[in-house]
Amino acid sequence: MRNNIILIGFMGAGKSCVGRILAEMLNYTHIDIDSVIEKNNKMTISDIFEKEGEDFFRKEEYEVIHGLNKDKLNVISCGGGSVLNRDNVNYLHSIGMIIYLKASSVSIMSRLMNCSDRPLLARGDENLLIRIDKLMHEREQLYDEACDFSINTDDLNPEEVAFNIKKMLKY
Ligand code: S3P
73 MRNNIILIGF MGAGKSCVGR ILAEMLNYTH IDIDSVIEKN NKMTISDIFE
123 KEGEDFFRKE EYEVIHGLNK DKLNVISCGG GSVLNRDNVN YLHSIGMIIY
173 LKASSVSIMS RLMNCSDRPL LARGDENLLI RIDKLMHERE QLYDEACDFS
223 INTDDLNPEE VAFNIKKMLK Y
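Here the sequence shown stands for residues 73 to 243, numbered as in our numbering.
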């Protein structure tokens, strides 16, 4: 049986916040992949990207994902780039139900405008919306193909998203 509930989607889609709320609602354990990577490396994600590089981060992400237990009741919040590796997606499918938190580029921008902890969005000279649009274009199909369900989060607050997922899964 696939017990875990796995949240994927673009940076700023609300995976961490919704994951925490949903886990509380269901009495599941919340696992935030980025937080585990930060804890394992005793560094922030931004520092890992800066000091060790993206390839190192992706290997750490792979290790944490492949170390997840299929027999536990977890809500797992993945980093936005975890779907870039097909092996990650296959493994996540084998341990749980994958839910894509969809958000438009404009909502993502308004949520991340004042954040400085997304190294991939800090790169380049383009403005934030163009950068988000480009990355979204590269990834949207991967999120769509990876998920069992998707939910549009544009007009919902995190509590509403969590509640809708709970309803959708009939828990
Ligand atoms: C990334 C998303 C981030 C974090 C890292 C890379 C990505 O997580 O894993 O900065 O490639 O989209 P969030 O989606 O939680 O922001």
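Every residue, glycine too, gets a C-beta built ideally from N, C-alpha and C. Just so it is clear, the structure is predicted and the values come from calculations on it, not from any experiment.
beta-carbon residue i near ligand 1 non-hydrogen atom, thresh 6 Å
i, result
"D127", "no"
"G86", "no"
"E185", "Note on identity: in this sequence residue 185 is Met, with Glu being the wrong assignment. Incorrect: M185 has no Cβ contact closer than 6 Å to ligand 1."
"D106", "yes"
"I117", "yes"
"E83", "Checking the sequence, you will find Met at residue 83 rather than Glu. Yes; taking the cut-off as 6 Å, the Cβ of M83 has a heavy atom of ligand 1 nearer than that."
Minimum C-alpha distance to residue i - residue among the options
i, options, result
"D127", "L207, K238, L192", "L192"
"C187", "N75, M208, S118, A234", "S118"
"N224", "K174, D104, T101, E135", "K174"
"N171", "M185, I180, D189, G152", "It should be noted that the sequence gives Ile, not Asn, for residue 171. Cα-wise, what sits closest to I171 is G152."
"E217", "N141, K238, H165", "H165"
"G91", "I137, E231, Y163", "E231"
With a cut-off of 8 Å, do at least 3 Cβ pairs link the segment 102-117 to the segment 202-209?
Touching, no.
Taking three-plus beta-carbon pairs below 8 Å as touching, is the segment 115-134 in contact with the segment 78-95?
With the cut-off at 8 Å, the segment 115-134 and the segment 78-95 do not touch.
Minimum length 3: unbroken beta strand (DSSP E) runs contained in the segment 120-187:
Counting only runs of 3+ residues, the beta strand (DSSP E) found wholly inside the segment 120-187 occupies 146-149, 168-174, in chain order.
Please give the ranges of any beta strand (DSSP E) in the segment 196-228, keeping only runs that are unbroken, at least 3 residues long and fully inside the region.
Every beta strand (DSSP E) stretch that sits fully inside the segment 196-228 and reaches 3 residues is listed by chain position as 221-224.
Using a Cβ distance threshold of 8 Å, determine whether the segment 132-141 contacts the segment 152-159, with at least three qualifying pairs required.
Yes: the two stretches touch, three or more of their Cβ pairs being nearer than 8 Å.
Sufficient close CB pairs (3 or more, under 8 Å) joining the segment 92-102 to the segment 134-148:
Enough Cβ pairs lie closer than 8 Å, so yes.
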